[in-house]
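Going by the working numbering, the first residue of the sequence shown is number 126, and it counts up by one from there.
We treat Cβ as the ideally placed atom computed from N, Cα and C, and that holds for glycine.
The structure displayed is predicted, hence computed values, not measured ones.
What follows is one structure encoded as structure tokens, with my remarks underneath.
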Amino acid sequence: MTARIDVVLVRPKEDGNVGAVARVAKNFGAERLIFVAPRAKLGVEARRRSMAGLPLLKAAHTYSTLDKAVTSADLVVGTTDLSTGRSTGYLRRSVSPERLGEVLESLVGRVAIVFGPEDNGLSRTELLRCDLLVHIPARREFPTLNLSHASAIVLYAMHRARRGRASESTPAPEELELNGPEKELLLRRLGELMERTGYPGHKRRGLILLFRRVFGRATPTEAEFRMMLGFVKGVERSLPRK
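Pasting the structure below:
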């Protein structure tokens, strides 16, 4: 895996947890640490617990919203402590950390791994912005993990996938280059097509989320996104003009 990893902490509450995440991010090769509307005061405790991750902590960028924080990401992976196996449960349908490692194994691009706050996790709006969700299985009576522990598990699974690609192995997995802007453009065009064809307004948001999650699991290349955009344009040209 040659993807560049951003660790995004949304509204983190405890400065010690933030420092521990910075350390874990350094352990497993994350490139950047990003905060969204942090509530934690990043003081002595955060710096003490960050250890070798202190440079990441000092260089971290802060944004007011998740949407602004992930504008440069080609793939946005959210974390959730709730999972559903129902085919219609698009909002929280997720993969395991091991499966996430497999998905990212041969990708090139920037991937944002998003962790919600310690007390209540990512909001519905923030989950809608994620292309893919990862869920860490735990005992049903106590499924919620500490923020730093959750980040360690997810980042380790990704790091393990990276180590699994031995340079001398034959054949090596084909590298697929991610393209976030093409993905967002296609999602916008699909929304416009739904409007032109009279697709029920109350169903559009759910269908766009379905497409986002399918693309998140399939990780199409730029060429594949362009082919799908070409198809959408062809459909639009065949529609009667208003």
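State yes or no: is the C-beta of residue i within less than 9 Å of the C-beta of residue j?
i       : j       : result
His-260 : Thr-205 : yes
Val-236 : Leu-303 : yes
Ser-276 : Val-146 : yes
Leu-191 : Val-161 : yes
Leu-232 : Leu-280 : no
Arg-157 : Val-135 : no
Arg-218 : Leu-258 : yes
Ala-128 : Ile-159 : no
Asp-244 : Lys-138 : yes
Ser-175 : Leu-182 : yes
Considering Cα atoms alone, identify which of the options is closest to residue i.
i       : options                               : result
Thr-346 : Glu-300, Leu-182 and Asp-256          : Glu-300
Arg-385 : Ser-248, Glu-223, Gly-203 and Arg-136 : Examination of residue 385 is not possible in this model, given that the chain is present from 126 through 367 alone.
Arg-314 : Ala-128, Pro-222 and Leu-354          : Leu-354
Glu-227 : Ser-197, Met-352 and Ala-286          : Ala-286
Leu-247 : Arg-148, Ala-184, Leu-272 and Arg-264 : Leu-272
Arg-224 : Ala-282, Pro-306, Leu-312 and Ala-348 : Ala-282
Gly-323 : Ala-185, His-284 and Pro-365          : Pro-365
Ala-150 : Ile-278, Leu-207, Phe-350 and Thr-250 : Ile-278
Glu-266 : Leu-207, Lys-166 and Leu-312          : Leu-207
Leu-335 : Pro-325, Leu-312 and Phe-356          : Leu-312
Using three-state DSSP, classify residue i as helix, strand or coil.
i       : result
Leu-129 : Rather than Leu, the amino acid found at residue 129 in this sequence is Arg. Note: Arg-129 maps to strand in three-state DSSP.
His-186 : strand
Val-169 : helix
Thr-204 : strand
Glu-195 : Just to set this straight, residue 195 is Val in the shown sequence, not Glu. Coil.
Ile-238 : strand
Glu-302 : strand
Gly-210 : Per-residue confidence for Gly-210 stands at a pLDDT of 49, beneath the threshold of 50, marking its modelled position as unreliable; no derived number is given.
Leu-252 : helix
Arg-351 : helix
Phe-340 : helix
Arg-157 : strand
Give the C-beta separation of residue i and residue j to the nearest angstrom, bearing in mind that I take them to be a contact with Cβ-Cβ under 8 Å.
i       : j       : result
Leu-332 : Met-319 : 7 Å
Asp-140 : Gly-178 : Wrong, their Cβ atoms sit about 13 Å apart, outside the cutoff.
Asp-256 : Gly-316 : The Cβ separation is near 16 Å, so there is no contact.
Gly-305 : Ala-198 : 6 Å
Thr-187 : Pro-163 : 6 Å
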